[in-house]
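Read in order, the letters of the sequence shown are residues 0 to 391 in numbering that gives the first Met the number 0.
What follows is one structure encoded as structure tokens, with my remarks underneath.
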Amino acid sequence: MSIKKPVRARDGQQWIYDYLMRTTGRAIHFEIDGRQLPSPVKSIKMAAKYLSKKAEKAEKLASLSKSNGDLISARILYRKASEMFREAQHFTVPIISDYRWGLYEKCLSCTEELHKLSEYKIKKVYLESEIGPIPALWHIFDTEVEAPAVVFIPGMDNTKENYPNPLENEFYMRGMHVLAIDGPGQGEMLREGVYVTQDNHIIAAKAAYEFLAKQKTVDEKKIGICGRSFGTFWSMRAAAAEPRFAALAGAVACYFWDNLSIFDEAPIRFKQIFMEMAGTHSEEQFDLMCQDFSLKPDVEKISCPTLMATGEFDPLSPLEDADAIFNKLNAPKEMWVFEDEFHPIRTPEALSGHSVFHYIAHWMRQALDGNLPSKYEKRRYISKNGDGMFDI
Numbered sequence: 000m001s002i003k004k005p006v007r008a009r010d011g012q013q014w015i016y017d018y019l020m021r022t023t024g025r026a027i028h029f030e031i032d033g034r035q036l037p038s039p040v041k042s043i044k045m046a047a048k049y050l051s052k053k054a055e056k057a058e059k060l061a062s063l064s065k066s067n068g069d070l071i072s073a074r075i076l077y078r079k080a081s082e083m084f085r086e087a088q089h090f091t092v093p094i095i096s097d098y099r100w101g102l103y104e105k106c107l108s109c110t111e112e113l114h115k116l117s118e119y120k121i122k123k124v125y126l127e128s129e130i131g132p133i134p135a136l137w138h139i140f141d142t143e144v145e146a147p148a149v150v151f152i153p154g155m156d157n158t159k160e161n162y163p164n165p166l167e168n169e170f171y172m173r174g175m176h177v178l179a180i181d182g183p184g185q186g187e188m189l190r191e192g193v194y195v196t197q198d199n200h201i202i203a204a205k206a207a208y209e210f211l212a213k214q215k216t217v218d219e220k221k222i223g224i225c226g227r228s229f230g231t232f233w234s235m236r237a238a239a240a241e242p243r244f245a246a247l248a249g250a251v252a253c254y255f256w257d258n259l260s261i262f263d264e265a266p267i268r269f270k271q272i273f274m275e276m277a278g279t280h281s282e283e284q285f286d287l288m289c290q291d292f293s294l295k296p297d298v299e300k301i302s303c304p305t306l307m308a309t310g311e312f313d314p315l316s317p318l319e320d321a322d323a324i325f326n327k328l329n330a331p332k333e334m335w336v337f338e339d340e341f342h343p344i345r346t347p348e349a350l351s352g353h354s355v356f357h358y359i360a361h362w363m364r365q366a367l368d369g370n371l372p373s374k375y376e377k378r379r380y381i382s383k384n385g386d387g388m389f390d391i
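Below, the structure written as structure tokens:
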């Protein structure tokens, strides 16, 4: 009988990770101010327990609100519960376990209750593909005529339940359908043992396009693709492989060119999670797979209007990589760099805390409607005082 050894060379950094969690109250993105986790959490092993406690309270209040006829409060609380259960399943140790999938099932249940109360129709669908059925949530814009649509790819091991938020769907507000998917290694696909590879999100994205193109209320010539965090990487790769996508946008950058700092320099949890998403416990095998995590072969194949948004000092996606990709794009293109921001630029100070995806949705609608010049090129540096976002 032998003692079990760590899987990764950097697994010995766990004590540093736990120390930072205890002192900052954050599980990741330690460069950002403010607690992320409940105060009792002192190590990663405690995170799921206390996040799920908060989720259970919100779920109970949602149910009671619904029973008492306050459907507005019920919607808001089911959203809170869904998000906290989703966060809890993200932080389980071990990463893959029955405990994790039990928490995720509660996330799915709260999301279903939220969708029943939503002010617009949301339908769960399974897309046909060569890698198996792809679970997706179709946020349906209420129309009898053809409307634009957007395929949305979540980040890393995020899930389709997270975005768009039915309480504030930026794309729906601007007259667009949204189809959010669980790609390989994400959400329900990971639970079913469908793992991520270098490029099988391309298969998932194509399946999403085909589904939308068949819908009577979708204009198949106005289908865009959008990603957040690692979804920015996968969506760029998908747009390069599928020229029928009419526009491409993303934020919370993972624009990899020469650097893969997300696995080499960021907290070890990123690599631990992604190895589970890839279905391997061999660091050597995983590192070999990561050699293909560069957009160099893809960028010049992208033909549709493209928007890239990133933080000036994103540690997971260095600005020089984003600039290299932007410079190689041959399509109409725009890039937003937010001053002094890091990886999560969802509500940057430069926009007074307003969601960056409101501006992305507006840009996407303009691009899908053909309102951008064919030779368009713009790089915006958006300062903390708000200057740079608009041409004035």
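Note that beta-carbon positions come from the ideal geometry of N, C-alpha and C, so glycine has one too.
Fill in: Neighbourhood of G192 by C-beta distance below 8 Å, restricted to the same chain and skipping five residues each side
Here residue 192 refers to the residue found at position 193 of the sequence shown. The answer, listed in chain order, is G278.
Practice prompt. May I ask you to list the residues that DSSP assigns as paired with P134?
Written response: Counting from 1 along the sequence shown, the entry for residue 134 is found at position 135. Answer by DSSP bridge pairing, in chain order: Y125.
Worksheet item: CB A349 to CB K383, shorter than 7 Å?
Response: Along the sequence shown, one-based indexing puts residue 349 at 350. Along the sequence shown, one-based indexing puts residue 383 at 384. Their beta carbons are under 7 Å apart, which means A349 touches K383 by this criterion.
Worksheet item: beta strand (DSSP E) containing H89: first to last residue?
Response: Here residue 89 refers to the residue found at position 90 of the sequence shown. Note, H89: premise wrong, no beta strand (DSSP E); alpha helix (DSSP H) at L70 to H89.
Discussion item. Restricting to runs no shorter than 3 residues, where is the beta strand (DSSP E) found entirely within the segment 253-328?
Written reply: 305-310
Discussion item. Which same chain residues end up closer than 7 Å to V217 when comparing Cβ atoms and leaving out the 5 residues on each side of it in sequence?
Written reply: On the sequence shown, position 218 is the one that residue 217 refers to. Contacts found: E145, A146, A148, H176 and L211.
Fill in: First and last residue of the uninterrupted alpha helix (DSSP H) at L367
Position 368 of the sequence shown, counting from 1, holds the residue named residue 367. Taken as a continuous stretch (DSSP letters only), the alpha helix (DSSP H) holding L367 covers V355 to L367.
Worksheet item: Contact between the segment 108-127 and the segment 89-97: three or more CB pairs below 8 Å?
Response: no
Item to complete: Have a look at M83, T305, D263 and P331 and flag the residue whose alpha-carbon is nearest the alpha-carbon of P317.
Response: Numbered from 1 along the sequence shown, position 318 holds the residue referred to as residue 317. Nearest option by C-alpha distance: D263.
Worksheet item: Who are the near neighbours of A246 in its chain, counting only those whose CB is closer than 6 Å to its CB and skipping five residues on each side?
Response: Your numbering for residue 246 matches position 247 in the sequence shown. Cβ neighbours of A246 beyond the five flanking positions: G223, C303, P304, M363, A366 and L367.
Worksheet item: Can we say the segment 222-239 touches the segment 247-261, given the rule of at least three CB pairs closer than 8 Å?
Response: yes
Item to complete: Would you decide whether K79 is buried or exposed? Buried here means 16 or more other CB atoms lie within 10 Å of its CB.
Response: For the purposes of this step, residue 79 is taken as the residue at position 80 of the sequence shown. Buried, by the Cβ-count rule.
Worksheet item: Using a Cβ-Cβ cut-off of 7 Å (strictly less than) and excluding sequence neighbours within five positions of N329, which residues of its own chain qualify?
Response: Position 330 of the sequence shown, counted from the start, is the residue given in the question as residue 329. If we look at N329 and ignore the five residues flanking it on each side, its Cβ neighbours are E299.
Worksheet item: Based on the DSSP output, what are the partners of V336 in its beta bridges?
Response: Taking the first residue of the sequence shown as 1, we reach residue 336 at position 337. Looking at the DSSP assignment, V336 forms a beta bridge with T309 and Y380.
Worksheet item: Can you list, in chain order, the residues of its chain whose CB lies under 8 Å from that of F90, leaving out five sequence neighbours each side?
Response: Position 91 of the sequence shown, counted from the first residue, corresponds to residue 90. Answer for F90: A26, I43, A46, A47 and L50, listed in chain order.
Practice prompt. Kindly indicate the opening and closing residues of the alpha helix (DSSP H) around V180.
Written response: What you label residue 180 is simply residue 181 of the sequence shown in a count that begins at 1. Strictly speaking, residue 180 in this sequence is Ile, with Val absent from that position. Segment H176 to I180 is the beta strand (DSSP E) holding I180; no alpha helix (DSSP H) there.
Discussion item. To the nearest angstrom, how far is the alpha carbon of I152 from that of S1?
Written reply: Here residue 152 refers to the residue found at position 153 of the sequence shown. Here residue 1 refers to the residue found at position 2 of the sequence shown. Cα to Cα, I152 sits roughly 42 Å from S1.
Worksheet item: Along the chain, where does the beta strand (DSSP E) that runs through A248 open and close?
Response: Along the sequence shown, read from residue 1 onward, the residue named residue 248 stands at position 249. Where A248 is concerned, the enclosing beta strand (DSSP E) stretches over A246 to A250.
Worksheet item: What residues are listed by DSSP as bridge partners for V150?
Response: As a first step, residue 150 is located in the sequence shown; it is residue number 151 there, counting from the start. Its beta-bridge partners are L178 and I224.
Item to complete: Just tell me which of S64, H28, E30 and T23 has its CA closest to the CA of S38.
Response: As a position in the sequence shown, residue 38 is number 39, starting the count at 1. If we check each option's Cα against that of S38, T23 comes out closest.
Worksheet entry | E143 versus G11 - alpha carbon distance | Looking up residue 143 in the sequence shown gives position 144. Looking up residue 11 in the sequence shown gives position 12. Cα-Cα distance, rounded: 58 Å.
Worksheet entry | For V217: DSSP bridge partner residues | As a first step, residue 217 is located in the sequence shown; it is residue number 218 there, counting from the start. For V217, which the question treats as bridged, DSSP gives the partners A146.
Discussion item. If you reduce the DSSP assignment to three classes, tell me which class S394 lands in.
Written reply: Outside the displayed range of the chain (0 to 391) lies residue 394, so it cannot be described from this structure.
Item to complete: Return the CA-CA distance between W100 and E187, expressed in angstroms with no decimal places.
Response: Here residue 100 is taken as the residue at index 101 of the sequence shown, counted from 1. Here residue 187 is taken as the residue at index 188 of the sequence shown, counted from 1. If I take the Cα positions, the gap works out to 9 Å.
Item to complete: Can you tell me which of Q290, P347 and K327 puts its alpha carbon nearest to the alpha carbon of I31?
Response: Position 32 of the sequence shown, counted from the first residue, corresponds to residue 31. Comparing Cα-Cα distances from I31 to each of Q290, P347 and K327, the minimum goes to P347.
Worksheet entry | Alpha-carbon spacing of V40 relative to Y162, whole angstroms | The count along the sequence shown starts at 1 and reaches residue 40 at position 41. The count along the sequence shown starts at 1 and reaches residue 162 at position 163. About 26 Å.
Practice prompt. Kindly indicate the opening and closing residues of the alpha helix (DSSP H) around E111.
Written response: Position 112 of the sequence shown, counted from the start, is the residue given in the question as residue 111. Residues D97 to L116.
Worksheet entry | Extent of the continuous alpha helix (DSSP H) run through Q13 | Residue mapping note: residue 13 aligns to position 14 of the sequence shown, counting from 1. Here the alpha helix (DSSP H) through Q13 covers Q13 to T23.
Worksheet item: Apart from the five residues on each side of it in sequence, which residues of its chain come closer than 6 Å, Cβ to Cβ, to D291?
Response: Sequence index remark: in the sequence shown, residue 291 carries index 292 (1-based). Q197, listed in sequence order.
Discussion item. I need the boundaries of the alpha helix (DSSP H) containing K205, first residue and last residue.
Written reply: Indexing the sequence shown from 1 puts residue 205 at position 206. Taken as a continuous stretch (DSSP letters only), the alpha helix (DSSP H) holding K205 covers N199 to A212.
Worksheet entry | Candidates E209, K270, R268 and A203: closest to R236 by CA position | The residue given as residue 236 occupies position 237 in the sequence shown. For R236, the nearest C-alpha among the options comes from A203.
Discussion item. I'd like the span of the alpha helix (DSSP H) that includes G230, first residue to last.
Written reply: Numbered from 1 along the sequence shown, position 231 holds the residue referred to as residue 230. Unbroken alpha helix (DSSP H) run through G230: F229 to A240.
Discussion item. Buried or exposed, going by whether 16 or more other CB atoms sit within 10 Å of the CB of F389?
Written reply: Indexing the sequence shown from 1 puts residue 389 at position 390. Exposed.
Worksheet item: With 16 as the cutoff for other CB atoms within 10 Å, does P343 come out buried or exposed?
Response: Translated into the one-based positions of the sequence shown, residue 343 becomes position 344. With 16 or more Cβ atoms within 10 Å of its Cβ, P343 is classed as buried.
Worksheet item: Counting only beta-carbon atoms, is E82 nearer than 7 Å to chain C?
Response: You won't find chain C in this structure, because it holds only one protein chain.
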